[in-house]
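Colleague: Quick note: this note's numbering has the sequence shown finishing at residue 320, numbered continuously throughout. We put the CB at the ideal spot given by N, CA and C, even for glycine.
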Amino acid sequence: MSSNQILLQKADLALADLAANGGLLMPEQGAAFIRKLIKEPTLIKEARVVEMAAPQRKINKIGFANRILRKAQSGVALTPAQRAKPGTEHIMLSTQEVMAEIRLPYDVLEDNIERAVAAGNEPSNSPWSSGLQETLVTLIAERAALDLEELCLLGDTAYTNPGDADDQAYLSMFDGWLKLAGSGHVVNWANAAIAKEMFKKGMTDMPVQYLRNKAAMRHFVSVNQETEYRDTLANRVGVLGDLQVQTSGLLSPYGVPMKSVQLMPETLGLFTNPLNLIFGIQRQISLEFDKNISERVYIVVLTARVAVQVEETDAIVKYTNIGTV
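Right, here's the structure in full:
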């Protein structure tokens, strides 16, 4: 038997393992995929990730809006009007299904298996039975993280794109963080250039109870807007101006770190605690395979169920109409 035939048999066996359990990843495999997903350098890494056991999940909220302490009087109980009662609310995470189909030519798999065998560094206790599986999951997670960030950030049920039906169907699945943030506080910057005054306005519009820990908050803007803001600081005379040109240190307008987001629209931004942004993903992830012998390709199909929410719209500021150069 030729070496290529042996390699293809190994590919068959490696991918056949993915069909076990009805195509569903085993719990440890699903958890590993989710870990890879949220490690990618996207906004999802900063957000609160909720692993769901079912298509829907209710997140309860409880808190006190007003003072609960009263002056105590010896031997006298508080009146009913003086007693504190917490406010209770809940938000619902409802998942939608997303899928990806990947077609891999035989020769690509041959090369990957050859490299994996040559490396000889595959751990015996790995939940994946081959380096090929590990490679597939890593590559899919890298791209899926970017696609999911796009959906989480830009999703809008009213979105239309007559020129691309797939794009319209994907981005209109549910409202994303930018759309949901419109129910919070909005700073309309009226097409003016990004400046420290914009961040000051965002912080003064934010209710003070959410500003106790400024270091945990974030100003999220586009990559280019971060560069523009850094340039405004670089125009200053002195050490601070020099640092903006020579280094890439973290910017923190008024004590709140600024983070650039690759897919953030140039004219928009967010100010919130990133844990206020919720990304839900159902634990049951399927990775199924087939092959087309006439085209000499393997077919891998990933399906998952995801959801997006903002936990507290009162704790988020949306920047709109930021000027562009």
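Taking all protein chains shown into account, decide if Asn186 is buried (16 or more other Cβ within 10 angstroms of its Cβ) or exposed.
Modeller: Exposed.
Colleague: May I ask which residues mark the beginning and end of the beta strand (DSSP E) holding Gly197?
Modeller: Per DSSP, Gly197 belongs to no beta strand (DSSP E); it is in the alpha helix (DSSP H), 191 to 200.
Colleague: Taking the alpha carbon of Val93 as the point to measure from, which residue in Pro81, Phe169, Tyr101 has its own alpha carbon closest?
Modeller: Among Pro81, Phe169, Tyr101, the Cα nearest to that of Val93 is on Phe169.
Colleague: Is the beta carbon of Tyr205 sitting closer than 9 angstroms to the one on Asn156?
Modeller: Contact flag unset, no.
Colleague: How would you label Ser217, buried or exposed, when you count the other beta carbons within 10 angstroms and need 16 or more for buried?
Modeller: Ser217 comes out buried.
Colleague: Starting from Leu282 and walking both ways along the alpha helix (DSSP H), at which residues does that stretch end?
Modeller: Segment 281 to 287 is the beta strand (DSSP E) holding Leu282; no alpha helix (DSSP H) there.
Colleague: Mind checking whether Met198 and Val251 have CB atoms under 9 angstroms apart?
Modeller: Cβ distance < 9 angstroms, so Met198 and Val251 count as in contact.
Colleague: How many whole angstroms separate the CB atoms of Leu148 and Leu38, which I take to be in contact at a CB cut-off of 8 angstroms?
Modeller: Leu148 to Leu38, Cβ: 6 angstroms. Contact.
Colleague: Alpha carbon to alpha carbon, what distance is there between Pro260 and Trp184?
Modeller: Cα-Cα distance, rounded: 14 angstroms.
Colleague: Below 8 angstroms, can you find three or more Cβ-Cβ pairs linking the segment 272 to 289 to the segment 299 to 307?
Modeller: Cβ pair count under 8 angstroms is three or more, so yes.
Colleague: Between which two residues does the beta strand (DSSP E) holding Glu307 run?
Modeller: Element bounds for Glu307: n/a, residue is neither H nor E.
Colleague: Distance check for Ile294 and Glu137, CA to CA, integer angstroms please.
Modeller: Spanning the two alpha carbons is a distance of roughly 18 angstroms.
Colleague: Where does the unbroken beta strand (DSSP E) through Glu46 begin, and where does it stop?
Modeller: Start and end: 43 to 47.
Colleague: Using the DSSP secondary-structure output, state which residues sit across from Val296 in a beta bridge.
Modeller: Paired residue(s): Glu96, Glu283.
Colleague: What are the start and end residues of the alpha helix (DSSP H) that includes Thr80?
Modeller: Here the sequence assigns Lys to residue 80, which means Thr is not the residue at that position. From DSSP, Lys80 is part of no alpha helix (DSSP H); its letter is neither H nor E.
Colleague: From Thr298, Tyr314, His85, pick the residue whose C-alpha is nearest to that of Gln91; which is it?
Modeller: For the residues Thr298, Tyr314, His85, the minimum Cα distance to Gln91 belongs to Thr298.
Colleague: Mind checking Pro248: buried by the 16 CB within 10 Å criterion, or exposed?
Modeller: So Pro248 counts as buried.
Colleague: Please report the straight-line C-alpha distance between Ile63 and Arg207, rounded to a whole angstrom.
Modeller: So the two alpha carbons sit approximately 19 angstroms from each other.
Colleague: Measuring alpha carbon to alpha carbon, tell me which residue in Lys174, Arg30, Ala42, Lys313 is nearest Thr133.
Modeller: The shortest Cα separation from Thr133 among Lys174, Arg30, Ala42, Lys313 belongs to Arg30.
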